[in-house]
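Under the working numbering, the residue at position 18 of the sequence shown is numbered 20, and the numbers go up by one with no gaps.
Note that the Cβ used here is the ideal one computed from N, Cα and C, for glycine as well.
What follows is one structure encoded as structure tokens, with my remarks underneath.
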Amino acid sequence: MKKILSIILIIFLSNSMAYAGEGEFSFGIEGGYSAVDLESEKSAQEIANAIGETVTVSYNTGLLVGRVFANYGLTSDLDVEAGFFQSSTFSENYSMASGSAEIDYDFNGFDVSAIIKDESGFFGKAGMHSATLNGAASVVIGGTTVNLTDSADGTGVLIGGGYEIEGVRYSLTHYSDLAGVDDFMVFSIGFKFN
């Protein structure tokens, strides 16, 4: 699915540039924040139950998310948009008497959506995304360190809305089943350039 979305993105960008005179072509950047709950406390309790030790955990509660996008106006109230997004790193640190574990996650991916807008500046959007969640872990047990990496891929739907005025966009987007792992709600502020 990621390859399909990449091909759609390439076709969309080349088409948009070729027909920029017939519709409005713009691009932009967004920066946002997403609260995260990967149930770290629950994982710490499961580890404690399995090894019979007290386990403490520390973790950040949110991620920064950056996104670049290209937008093409099909009609006065309907746009098509494609983007690439990347998150900051979410970290979990587990400590116990017999060792420790540090796990870092980040995600990135592509999205394609239709945007319905009205003259007041409010808009709604719906589409698809394809994302990869990257993970790296460093586990220390009895003085031995083991480093692990893994990734998960997945596709899902996105739905959102917001308000745009004079090239500044405020939006809230829900990415369902991001990388097949979890849902994320991203609040962002962006800038569009024609």
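Have a look at Gly156, Gly101, Tyr177 and Phe87 and flag the residue whose alpha-carbon is nearest the alpha-carbon of alanine 128.
-> In the sequence shown, residue 128 corresponds to position 126, counting from 1. Ranked by how close their Cα comes to the Cα of alanine 128, the residues Gly156, Gly101, Tyr177 and Phe87 have Tyr177 in first place.
For isoleucine 167, which residues of its own chain have a beta-carbon under 7 Å away from its beta-carbon, when the five flanking residues on both sides are left out?
-> Counting from one through the sequence shown, the residue named residue 167 turns up at place 165. Excluding residues within five positions, the ones whose Cβ falls inside 7 Å are Gly123.
Out of Ser93, Asp113, Asp39 and Phe27, state which residue places its alpha-carbon closest to the alpha-carbon of leucine 80.
-> Here the question's residue 80 lines up with position 78 in the sequence shown. Nearest C-alpha to leucine 80 among Ser93, Asp113, Asp39 and Phe27: Phe27.
From what residue to what residue does the alpha helix (DSSP H) around asparagine 51 run?
-> Position 49 of the sequence shown, counted from the first residue, corresponds to residue 51. Annotation for asparagine 51: the continuous alpha helix (DSSP H) segment containing it runs 42-53.
Taking serine 93 and aspartate 113 to be in contact with their CB atoms under 8 Å, please state how far apart those CB atoms are, rounded to whole angstroms.
-> Residue mapping note: residue 93 aligns to position 91 of the sequence shown, counting from 1. Residue mapping note: residue 113 aligns to position 111 of the sequence shown, counting from 1. That pair is no contact at about 25 Å.
Pair within 8 Å by beta-carbon distance, phenylalanine 189 and valine 170 | To locate residue 189, count along the sequence shown from 1; it is residue 187. To locate residue 170, count along the sequence shown from 1; it is residue 168. Between phenylalanine 189 and valine 170, the gap from beta carbon to beta carbon reaches 8 Å or more.
Give the C-beta separation of phenylalanine 186 and serine 36 to the nearest angstrom, bearing in mind that I take them to be a contact with Cβ-Cβ under 8 Å.
-> Here residue 186 refers to the residue found at position 184 when the sequence shown is read from its first residue. Here residue 36 refers to the residue found at position 34 when the sequence shown is read from its first residue. That belief holds up - the Cβ atoms of phenylalanine 186 and serine 36 are roughly 5 Å apart, short of 8 Å.
Euclidean distance between Cα positions of glycine 23 and glycine 64 | Looking up residue 23 in the sequence shown gives position 21. Looking up residue 64 in the sequence shown gives position 62. Only weak support is given to the placement of glycine 23: the predicted model assigns it a pLDDT of 31, under 50, and the question is left unresolved by the model.
Rounded separation between serine 60 and glycine 101 - CA only = Here residue 60 refers to the residue found at position 58 of the sequence shown. Here residue 101 refers to the residue found at position 99 of the sequence shown. Between serine 60 and glycine 101, the C-alpha separation is close to 15 Å.
Which whole runs of the beta strand (DSSP E) in the segment 82-126 are 3 residues long or more, in chain order?
-> Within the segment 82-126, the complete beta strand (DSSP E) runs of at least 3 residues fall at 92-98 and 101-119.
Is it true that the CB of glycine 33 sits closer than 8 Å to the CB of isoleucine 191?
-> Within the sequence shown, numbered from 1, the residue matching residue 191 stands at position 189. Within the sequence shown, numbered from 1, the residue matching residue 33 stands at position 31. Yes, the pair counts as a contact, with Cβ atoms nearer than the cut-off.
So, is valine 67 buried or exposed, given that buried needs 16 or more other C-beta atoms within 10 angstroms?
-> Sequence index remark: in the sequence shown, residue 67 carries index 65 (1-based). The residue is buried, with at least 16 neighbouring Cβ atoms inside 10 Å.
Cut-off 8 Å between Cβ atoms - residues of its own chain near phenylalanine 195, not counting five sequence neighbours on either side = Here residue 195 is taken as the residue at index 193 of the sequence shown, counted from 1. Around phenylalanine 195: Ser28, Phe29, Gly30 and Gly169.
Cβ distance (whole Å) where phenylalanine 71 is taken to contact serine 89 below 8 Å | In the sequence shown, residue 71 corresponds to position 69, counting from 1. In the sequence shown, residue 89 corresponds to position 87, counting from 1. Distance from phenylalanine 71 to serine 89 at the Cβ level is roughly 16 Å; contact not present, criterion being Cβ atoms closer than 8 Å.
Which one or two residues does DSSP pair with glutamate 26 in a beta bridge?
-> Looking up residue 26 in the sequence shown gives position 24. Beta-bridge pairing links glutamate 26 to no other residue.
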